[in-house]
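Per my numbering, the sequence shown starts with residue 219, numbered consecutively.
Notes for the one structure printed next.
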Amino acid sequence: MENLNPQVLRHVGKEIQKLSREPPLEGISLILKEESFADIEALIEGPADTPFAGGKFRVKLVIGKDFPASPPKGYFLTKIFHPNVAPSTGEICVNTLKKDWKSDLGIKHVLLTIKCLLIVPNPESALNEEAGKLLLERYDDYCTRAKLYTEIHASGISSKTGGGGDALSDKKTLSKKEKSLKEKKKTLKRL
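Following this line, the structure appears as structure tokens:
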């Protein structure tokens, strides 16, 4: 984590305050951490009609000492099968975070761009070559794999046990979901 100068801290602080006062971004919620503005986390809901629908993806923006003159670095903390996300690090490749960055673009714009990347991937600038190739050559296989990753890594089944029911039925529901998850992981290994 980088120590940011006071000017950058003020700028980021103002952006975060503004974001928390405005109506929430559709499908995006900030995860505020008091200890640092250098790392900003958010939860992005997988957009409808995509292989990521139903998933909740945790992302992190790492603010550098030159922000807003230079873009933040973006990472998916939730494992995802996507052409523009490095499978080992979660690094996000999108032009807004590279050559198209302008200092008047802010955190809100970056988060919206990342969500849009879930709707319209760019296989030409793939960090995950396998996902990029599948997307271009066998779209249905790409969707199947991306959906499996979403179900396994982004569905949050362990925290969703039905609520309000008795402990025994909650345990059975959780057991069924865990069994289903194991089957999906086996399927994913075969792909």
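The C-beta atom is built at its ideal place from N, Cα and C for all residues, glycine as well.
1. Please report the distance separating the alpha-carbon of S376 from that of I370.
2. In angstroms, rounded to a whole number, what distance separates the CA positions of E401 and E355?
3. Do you know how far the Cα of E347 is from the Cα of N340?
4. Select from I332, K316, S343 and V328 the residue whose C-alpha is nearest the C-alpha of P265.
5. With C-beta atoms as the reference, is L329 less than 9 Å away from G308?
6. Closest to I249 by CA distance: which of E240, A256 and L261 is it?
7. Thinking just about the alpha-carbon of each residue, which of L222, Y360 and A364 is nearest to the one in K170?
8. Taking the continuous beta strand (DSSP E) assigned at V230, which residues delimit it?
9. Quick one: complete alpha helix (DSSP H) runs, 4+ long, within the stretch 309–343?
10. I'd like to confirm the pairing. Which residues does DSSP put opposite G374 in its beta bridges?
The structure says:
1. Working through the sequence shown from its first residue, we reach residue 376 at position 158. Working through the sequence shown from its first residue, we reach residue 370 at position 152. Model confidence at S376 stands at a pLDDT of 38, short of 50, so the residue's coordinates are unreliable; what they give is reported in the following sentence. So the alpha carbons of these two residues sit roughly 11 Å apart.
2. Residue 401 sits at position 183 when you count from the first residue of the sequence shown. Residue 355 sits at position 137 when you count from the first residue of the sequence shown. Cα to Cα, the separation comes out at about 26 Å.
3. Looking up residue 340 in the sequence shown gives position 122. Looking up residue 347 in the sequence shown gives position 129. Each residue's Cα considered, the two are about 11 Å apart.
4. Reading the sequence shown from its first residue, position 47 is the one you call residue 265. It is I332.
5. The residue you call residue 329 lines up with position 111 of the sequence shown. The residue you call residue 308 lines up with position 90 of the sequence shown. Not a contact, by the Cβ cut-off of 9 Å.
6. As a first step, residue 249 is located in the sequence shown; it is residue number 31 there, counting from the start. The shortest Cα separation from I249 among E240, A256 and L261 belongs to L261.
7. This structure cannot speak to residue 170, because the chain is shown only from 219 to 409.
8. The sequence position of residue 230 within the sequence shown is 12, counting from 1. Unbroken run through V230 is the alpha helix (DSSP H), P224 to R239; no beta strand (DSSP E).
9. 325–337
10. The sequence position of residue 374 within the sequence shown is 156, counting from 1. Paired residues: none, contrary to the question.
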